[in-house]
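Numbering (UniProt numbering), first residue to last: 1 to 250.
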């Protein structure tokens, strides 16, 4: 592994290694020296990153997302309707990560669904990151700690030293969305994305892996020249316990 610099805090070098390793989708049994580990830049905070206070809307006054006849789970549908009705996305594009269905949904700023795709997620079931995991060595992370945390995240695009683009989701806990990398045949990433079995899609250290075409055609354009919001739906708790201003749109 290469020790790569990060601005301001030298103690966070290990975090870069973890992030870089996730970007090439190492498994615990992979040999880290096979890959050139990239460095990633921190996202630029959006000036209006805080979510607004939610107010339940009635059926006569509420505004709903436009799913454009796509098959969407009830949990994702309810979340998107709340986002649009409350304006929680603050006029920015947004993504919903439906962990229970292992799917990613990309919406424009008006709440119109651009498309959906399967996703590879953290190996372990859970909605929280282990405290300090972003500063730990990759080799120290146990299988049960490899979670994709639930929550609302202001996200932005960044590039590594090789010029490869990723979408920062949770910088503190080393979580990003990026095109699936197929460099390690043993992990069968392409097969896992195509599998109808949701369990097959749990393999990463927490990062969200999506089909390369989906990332290039939908994710990247949606977040170009702007930040956005990523909503990672919980799988062990309710939406209301994760999103402070959440309410059901009636």
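Where is the CB? At the ideal position from N, CA and C, for every residue including glycine.
Predicted model only: the values in this text are computed from it and were never measured.
- When only Cα atoms are considered, residue 107 and residue 113 end up about 4 angstroms apart.
- Between the alpha carbons of residue 138 and residue 208 lies a distance of about 17 angstroms.
- The beta-bridge partner set that DSSP reports for residue 153 consists of 230.
- Residue 212 is a Cβ neighbour of residue 179, given a cutoff of 8 angstroms.
- Excluding residues up to 5 positions away in sequence, 43, 155, 156, 158, 176 lie with their Cβ nearer than 7 angstroms to the Cβ of residue 168 in the same chain.
- Runs of the beta strand (DSSP E) lying entirely within the stretch 76-154, each at least 3 residues long, are 94-98, 103-107, 113-118 in chain order.
- In the DSSP assignment, residue 176 falls within the unbroken beta strand (DSSP E) covering 175-179.
- About 14 angstroms separates the beta carbon of residue 223 from that of residue 115, a gap too long to meet the 8 angstroms contact definition.
- Across the set 243, 231, 124, the C-alpha of 124 shows the shortest separation from the C-alpha of residue 144.
- Judged by their CB atoms, residue 232 and residue 149 are nearer to each other than the 8 angstroms cut-off.
- Residue 238 and residue 246 have their alpha carbons spaced roughly 10 angstroms apart.
- The bridge partners DSSP lists for residue 195 come to none.
- Rounded to whole angstroms, the Cβ separation of residue 101 and residue 198 is 7 angstroms, and the two are in contact under 8 angstroms.
- Within the same chain, Cβ atoms closer than 6 angstroms to the Cβ of residue 93 are found at 108, 109, 222, 228, the five residues on either side in sequence being excluded.
- Boundaries of the alpha helix (DSSP H) around residue 220: 220-223.
- Taking all protein chains in view, the Cβ of residue 119 is crowded by 16 or more other Cβ atoms within 10 Å, so the residue is classified as buried.
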